[in-house]
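Data block below; observations after.
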């Protein structure tokens with residue numbers, strides 16, 4: 001079995017994290033390879049990871065040339081996983097490693113994907129909970145892929161990992177891509193634990209950008225909304241035009257500066273919003289056609305085959 005763990009600035013507790021992970025996996029009685037991906041950390045995460053790799057068999061450390069983001073770090077690990085099953089979990093222990101035994105049991109029973117689903121979001125504040133629900137509701141409605149409570153904590157059969165490898169887009173959203181694959185799935189609920197140390201590095205702006213990238217990567221519905229709004233304004237304009245002509249011919253026409261100004265503001269705002277949506281999709285196309293790699297590896301703890 002392969003275990004992929006993305007890391008960013010986790011030197012302070014990496015030894016504790018790995019010890020707990022290793023203890024949980026040891027009980028499973030499986031031959032395990034560890035793929036720990038340092039996503040351009042600015043602390044001593046890489047040095048600690050190298051020390052772990054020296055003394056712990058089966059550990060492969062990968063250091064990316066800079067911070068490419070968690071999605072790219074996951075891709076780097078998955079592309080190097082050779083196990084019959086591949087587990088993915090965070091390095092901050094908010095994904096309880098003790099749950100791996102349950103995931104493996106379902107996999108052995110025939111499930112091709114075993115995904116841990118958040119039953120409780122832990123220490124998240126009310127605003128972050130609300131925005132998460134809003135995003136997942138919008139994603140489900142626009143794409144048809146339910147992601148409520150989804151997390152990156154998953155175990156997948158090698159067939160699923162090979163299928164994921166065929167997805168070549170550069171704008172990555174692991175949860176959505178994984179849901180799109182299908183296969184026989186089992187969900188296991190879990191409560192998000194408190195972080196071992198530190199605080200999340202995800203800012204509100206970064207989460208907003210991830211949400212926009214996810215929605216535009218998996219659905220063209222926002223583009224279709226522009227046509228719907230345009231049709232609505234056309235119907236409204238026809239109605240207003242007929243009313244104006246009727247008032248003109250009946251001799252009751254009045255100056256309507258307020259109406260004109262409001263219409264200009266509404267139409268102008270709608271046009272700008274529409275151009276913004278189109279621009280977002282063009283930016284996604286621009287990123288894809290450049291064909292830049294998803295990430296760059298600076299060094300590893302062992303030679304890659």
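In UniProt numbering, the protein residues as written are 1 to 305.
From the three backbone atoms N, C-alpha and C, an ideal C-beta is built for every residue, glycine too.
Selected residue, minimal CA-CA separation from residue i, among the options
| i | options | result |
| --- | --- | --- |
| residue 150 | 31, 3, 113 | 113 |
| residue 81 | 239, 158, 285 | 158 |
| residue 66 | 179, 37, 53, 59 | 37 |
| residue 5 | 278, 110, 33 | 33 |
| residue 270 | 95, 25, 229, 61 | 229 |
| residue 108 | 119, 68, 156 | 156 |
| residue 25 | 163, 89, 47 | 89 |
| residue 12 | 69, 55, 49, 250 | 49 |
| residue 35 | 56, 267, 171, 23 | 56 |
| residue 162 | 152, 172, 170, 178 | 178 |
| residue 300 | 78, 293, 61, 289 | 61 |
| residue 164 | 78, 99, 97, 95 | 78 |
| residue 100 | 282, 170, 28, 281 | 28 |
| residue 185 | 47, 166, 111 | 111 |
| residue 91 | 3, 293, 298, 51 | 3 |
Local conformation of residue i per DSSP, three classes
| i | result |
| --- | --- |
| residue 65 | coil |
| residue 156 | strand |
| residue 76 | helix |
| residue 2 | strand |
| residue 112 | coil |
| residue 289 | helix |
| residue 267 | helix |
| residue 173 | coil |
| residue 303 | Legend: pLDDT at residue 303 = 43, less than 50; position of this residue unreliable, no value from coordinates given. |
| residue 33 | strand |
| residue 186 | strand |
| residue 166 | coil |
Residues near residue i by beta carbon distance below 6 Å, same chain, minus five either side
| i | result |
| --- | --- |
| residue 315 | Within the shown structure, residues of the chain are numbered from 1 to 305, placing residue 315 beyond reach of any answer. |
| residue 295 | 64, 68, 72, 76 |
| residue 298 | 63, 65 |
Separation of residue j from residue i, as counted between CA atoms
| i | j | result |
| --- | --- | --- |
| residue 93 | residue 168 | 30 Å |
| residue 103 | residue 42 | 33 Å |
| residue 117 | residue 190 | 6 Å |
| residue 176 | residue 239 | 42 Å |
| residue 305 | residue 106 | With a pLDDT of 36 at residue 305, under the threshold of 50, the predicted position of this residue should be treated as unreliable, and no value is reported. |
| residue 17 | residue 54 | 17 Å |
| residue 180 | residue 250 | 60 Å |
| residue 267 | residue 286 | 28 Å |
| residue 134 | residue 274 | 21 Å |
| residue 288 | residue 172 | 11 Å |
| residue 276 | residue 20 | 47 Å |
| residue 272 | residue 96 | 45 Å |
| residue 284 | residue 23 | 42 Å |
| residue 45 | residue 15 | 10 Å |
| residue 232 | residue 160 | 43 Å |
| residue 291 | residue 170 | 8 Å |
| residue 98 | residue 47 | 26 Å |
| residue 30 | residue 86 | 12 Å |
| residue 174 | residue 74 | 8 Å |
| residue 152 | residue 183 | 17 Å |
Local Cβ density within 10 Å of residue i, reported as buried at 16 or more and exposed below that
| i | result |
| --- | --- |
| residue 1 | buried |
| residue 354 | Because residue 354 is not part of the residues shown, which for the chain are 1 to 305, the question remains open. |
| residue 59 | buried |
| residue 10 | buried |
| residue 282 | exposed |
Sequence-distant residues of its chain with Cβ nearer than 7 Å to residue i (five each side left out)
| i | result |
| --- | --- |
| residue 70 | 6, 39 |
Contacting residues, own chain, Cβ-Cβ under 8 Å from residue i (five flanking each side not counted)
| i | result |
| --- | --- |
| residue 303 | Only weak support exists for where residue 303 lies, its pLDDT of 43 falling under 50; the value from the coordinates is given anyway. For residue 303, where only same-chain residues beyond five positions count, there are no Cβ hits under 8 Å. |
| residue 236 | none |
| residue 119 | 149, 189, 190, 191 |
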